[in-house]
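For reference, the structure is listed below as C-alpha cells.
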Amino acid sequence: MVSTERAGAPAQADRAASDRRRARQAAAAVTDPELPMLTLADLGILREVDADGDGGAIVWITPTYSGCPAIGAIRADVDRALRESGFDSVEVRTLLDPPWSTDRITERGRRLLAEHGISPPGPAPRGDGPVPLSLTPRRRALHCPRCGSDSAELTSEFGSTACKALYRCTACAEPFEHMKEI
1 MVSTERAGAP
11 AQADRAASDR
21 RRARQAAAAV
31 TDPELPMLTL
41 ADLGILREVD
51 ADGDGGAIVW
61 ITPTYSGCPA
71 IGAIRADVDR
81 ALRESGFDSV
91 EVRTLLDPPW
101 STDRITERGR
111 RLLAEHGISP
121 PGPAPRGDGP
131 VPLSLTPRRR
141 ALHCPRCGSD
151 SAELTSEFGS
161 TACKALYRCT
171 ACAEPFEHMK
181 EI
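In the UniProt record's numbering, the protein residues as written are 1 to 182.
Structure representation (C-alpha cells):
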C-alpha cells in the first residue's frame with residue numbers, strides 16, 4: 001500500500017509542471033508596450049518561468065535597456081496576464097545578467113518587425129570585452145522594409161524609442177525605422 005504522502009508527491013509535481021506550462025504560455029503572449037506586434041517571447045525579454053503547483057508563479061524578464069521606461073508596464077502586463085490565467089500569487093523579477101541583446105529576437109520577431117515597417121537588427125556587436133564607445137553612428141547593414149533595398153541614409157540616430165534610428169530609403173524614398181543592434 002502506498003502512503004498518502006508519497007502518492008501526493010507525483011500529483012503535486014504533475015500540477016507544478018502543468019502550471020509552469022500555463023504560466024509560460026500566458027507570459028509569452030504578453031505584448032511589448034512599445035512594439036505591440038511583438039510578444040515578450042518574440043523579443044527575447046522573457047527569460048524563465050516557474051510555478052509551484054499551488055497557484056504561485058515567478059517570471060524572470062530582462063529589459064532591452066537597463067533604464068528601459070517600458071519595464072514597469074511590462075511587469076504589470078505580465079502580472080495581469082498570469083492572474084487572468086488563474087495564478088493567485090505572481091512575482092515578476094528582473095534578470096540583468098546576461099544582458100539582453102538584439103540577437104535574442106526570434107526569427108518570427110524579425111519577420112514581424114519588417115512586416116510592420118521596422119528594419120530588423122543585424123548581428124549585435126561582439127568582442128572580448130565591453131562594447132567600444134563610438135561618438136559617430138555605427139555603419140549598419142540594413143534593408144528597407146518596404147522595397148528591400150540596401151541603400152538608405154540615416155536621418156536621425158534617434159527614433160520613436162531609444163532602441164530605433166530613423167532612415168530614408170534612397171531607392172523608394174520612404175522613411176523607416178531600424179532597430180539598433182545592441
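Think of the CB as a built atom: it goes at the ideal place given N, C-alpha and C, for glycine as much as any other residue. Computed from a predicted model, the values in this text were never measured in an experiment.
LEU40 carries a helical assignment under DSSP once its states are collapsed to helix, strand and coil. Rounded to the nearest whole angstrom, the CA to CA distance from ARG168 to ARG20 is 45 Å.
Residue environment analysis places THR155 among the exposed positions, since fewer than 16 neighbouring C-beta atoms fall within 10 angstroms of its C-beta. Going by DSSP, ALA124 is part of no beta strand (DSSP E) at all; its letter is neither H nor E.
The way I'd put it, the region 47-64 doesn't touch the region 107-121; fewer than three beta-carbon pairs between them come closer than 8 Å.
Taking a C-beta distance under 8 Å as the contact criterion, GLY159 and ARG140 do not qualify as a contact pair. Excluding sequence positions up to five before and after ARG93, its CB lies within less than 8 Å of the CB of ILE58, VAL59, TRP60, ILE61, all in the same chain and listed in chain order. Here SER101 is near ALA124, since their CB atoms are less than 8 Å apart. Secondary structure note for ASP79: its alpha helix (DSSP H) is the uninterrupted segment 71-84. If you look at GLY109, you'll find it in the alpha helix (DSSP H) that goes 107-115. For LEU46, the closest C-alpha among the options PRO120, ILE105, LYS164, LEU166 is that of ILE105. The DSSP-derived three-state label of ARG24 is helix.
Its chain contains PRO33, GLU34 as the residues whose beta carbon lies nearer than 6 Å to that of ALA70, once the 5 sequence neighbours on both sides are disregarded; these appear in chain order. ALA73 and ARG146 have their alpha carbons spaced roughly 30 Å apart. The beta carbon of ALA171 lies closer than 7 Å to those of CYS144, CYS147, SER149, SER151 in the same chain, with the five residues before and after it left out. Residues of the same chain with their beta carbon placed closer than 6 Å to that of GLY86 are lacking, with the five preceding and five following residues left out of the count. One thing to note: TYR65 has its Cβ within 8 Å of the Cβ of ALA162.
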